Amino acid sequence: MTSTIAILLLENFLGLAAFGSADMFKTANQIAEVRGDEVMPFQVRTYSLDGEPVRSSNGILVTPDSSLEEIFAPDVVFLPGIGTTSAPQCTISTNWFRGVAEQLQRHSQNGSIIAASCTSTFLLAEAGLLEGKQATTTWWKQKEFSAAYEGVELAGDEILVDAGNVITSAAGTSSLDLALHLINRLEGPALSRLCARFMVLEENRGLQQPFMIPWHEKTRDETIERADQWVQNNLSSRPLKVQELAGFLGMSTRSLLRHFKRELSLSPQQFILNIRCERAKSQLEYTTTPIATISEALGYSDENAFRRSFLSQVGVSPAQYRQKFRRQAP
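Residues in the sequence shown are numbered from 1 upward in steps of one, following the numbering used here.
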């Protein structure tokens, strides 16, 4: 039996998420055809709010198959992320979103799977479809998501969370993980495994934690920038203390804590750990320096302490991270 996939294209949608996922379902169909299946597993159609062309975040104008109101009993409603440097609050607050929410709720109640990647997870939460459920979202807006939707159990480290009739995935290429997961769920692991191999996509990637970038690098706060420079310059063979950082900045430790909590939602100690961890990542990616030497150079008491700290920060061990992200010499 053919499963119908309705891809909803909202203004400024992420082209990769929409087109890459559609290509994944097309690949599944091609594999099914080659192996002689009588029925193609997927039928993919695209929709915009009014059926009119809609522009993607990379500027490409796309003509959909039909309008939102003409989505009829799909097996899956798929929402690509929305290209934005912030959560799509401007999208949520617009008048038409009420109609989108009602349509998503209706399809969910009728048994459709509602799937969203990246910032479109905010739209599912705003529509009430994630209330009391576990979900994930793009790593760089997790704090805003948690603050806005306290009734959602955020599993922020996960690339993908299947909560039954609602599935969410993280940023960027996680939309491909989401499409692959849907193929697995609707047609079984044999077909999804073949799709992954044809598309050169690693199955069950699991965590987005190793890909996270600390936001302190994006701040324009003078105190944070001075703190960043001091920590970078003093990451040597000794532990750094918050009291030392506060003294350098001419602040009390209590004032420093308040400032970091207000600007970054981080403690000064976590700020130091983040910078140390990023330095370790760079060493693991671009050098062959032994892990014991890296740990000593970054001020850890011993190699085991470094391994434990790195694992808690990144979600994988230093050796696993190096194996996955090591940059080979040209």
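Think of the CB as a built atom: it goes at the ideal place given N, C-alpha and C, for glycine as much as any other residue.
Given the structure is predicted, the values throughout are model-derived calculations rather than measurements.
Mapping DSSP to helix, strand and coil, what is Leu-115?
Before going further, note that residue 115 is Ala rather than Leu in the sequence given. In this structure, Ala-115 counts as strand in the three-state DSSP scheme.
Could you tell me if Leu-61 is buried or exposed, where buried requires 16 or more neighbouring beta carbons within 10 angstroms of its beta carbon?
Exposed: under 16 other Cβ atoms inside 10 Å.
On the DSSP bridge assignment, give the partners of Lys-30 in chain order.
A quick correction: the sequence has Gln, not Lys, at residue 30. DSSP output for Gln-30 lists no bridge partner at all.
Grab me the residues of Lys-261's own chain with a C-beta within less than 8 Å of its C-beta, minus the 5 sequence neighbours each way, in chain order.
Ser-267
Can you have a look at Pro-189 and say buried or exposed, based on whether 16 or more other CB atoms are within 10 angstroms of its CB?
exposed
For Phe-122, count neighbouring C-beta atoms within 10 Å of its own C-beta (all shown protein chains included) and say buried if the count is 16 or more, exposed if not.
buried
Can you name the start and end residues of the beta strand (DSSP E) that Arg-45 belongs to?
42-48
My output table needs one value for Phe-310: the three-state DSSP class, helix, strand or coil.
helix
Within 10 Å of its beta-carbon, does Thr-46 have 16 or more other beta-carbons around it, so buried, or fewer, so exposed?
buried
Go to Asp-228, then tell me how far its alpha helix (DSSP H) extends in each direction, as first and last residue.
222-233
Determine the direct distance from the alpha carbon of Tyr-149 to that of Glu-126, and round the result to whole angstroms.
8 Å
Whole angstroms is fine: what's the gap from Phe-198's alpha carbon to Ser-3's?
21 Å
Quick one: is Val-39 buried, meaning 16 or more other Cβ sit within 10 Å of its Cβ, or exposed?
By the neighbour-count definition (other C-beta atoms within 10 Å, threshold 16), Val-39 is an exposed residue.
Which residue from Glu-69, Asp-177, Ser-56, Asp-75 puts its Cα closest to that of Glu-202?
Asp-177
Less than 6 Å between C-beta atoms, sequence neighbours within five positions excluded: which residues of the same chain meet that for Glu-153?
Gln-134
Taking Ser-295 as part of the alpha helix (DSSP H), name the residues at either end of that continuous run.
291-297
In this structure, does DSSP put Ala-22 in helix, strand or coil?
helix
What's the C-alpha gap between Gln-142 and Ser-301?
32 Å
Quick check: the Cα distance between Asn-29 and Phe-78, rounded to an integer number of angstroms?
18 Å
Output the distance between the C-alpha atoms of Cys-118 and Ala-6, rounded to the nearest integer angstrom.
17 Å
So if DSSP puts Gln-134 in a beta bridge, which residue, or which two residues, is it bridged to?
Glu-153
Taking its Cβ as the centre, do 16 or more other Cβ atoms sit within 10 Å of Tyr-286, making it buried, or is it exposed?
exposed
Following the continuous alpha helix (DSSP H) through Phe-78, name the residue where it begins and the one where it ends.
Residue range 76-79 is occupied by the beta strand (DSSP E) that includes Phe-78, with no alpha helix (DSSP H) assigned at that position.
Hey, could you find the ends of the alpha helix (DSSP H) Ile-183 is sitting in?
Element bounds for Ile-183: 174-187.
If you follow the alpha helix (DSSP H) that Ala-148 is part of, which residue opens it and which one closes it?
142-148
What residue from Arg-258, Gly-99, Ala-115 has the CA that sits closest to Ile-224's CA?
Nearest of Arg-258, Gly-99, Ala-115 to Ile-224, Cα basis: Arg-258.
Which residues bound the beta strand (DSSP E) around Ser-169?
166-169
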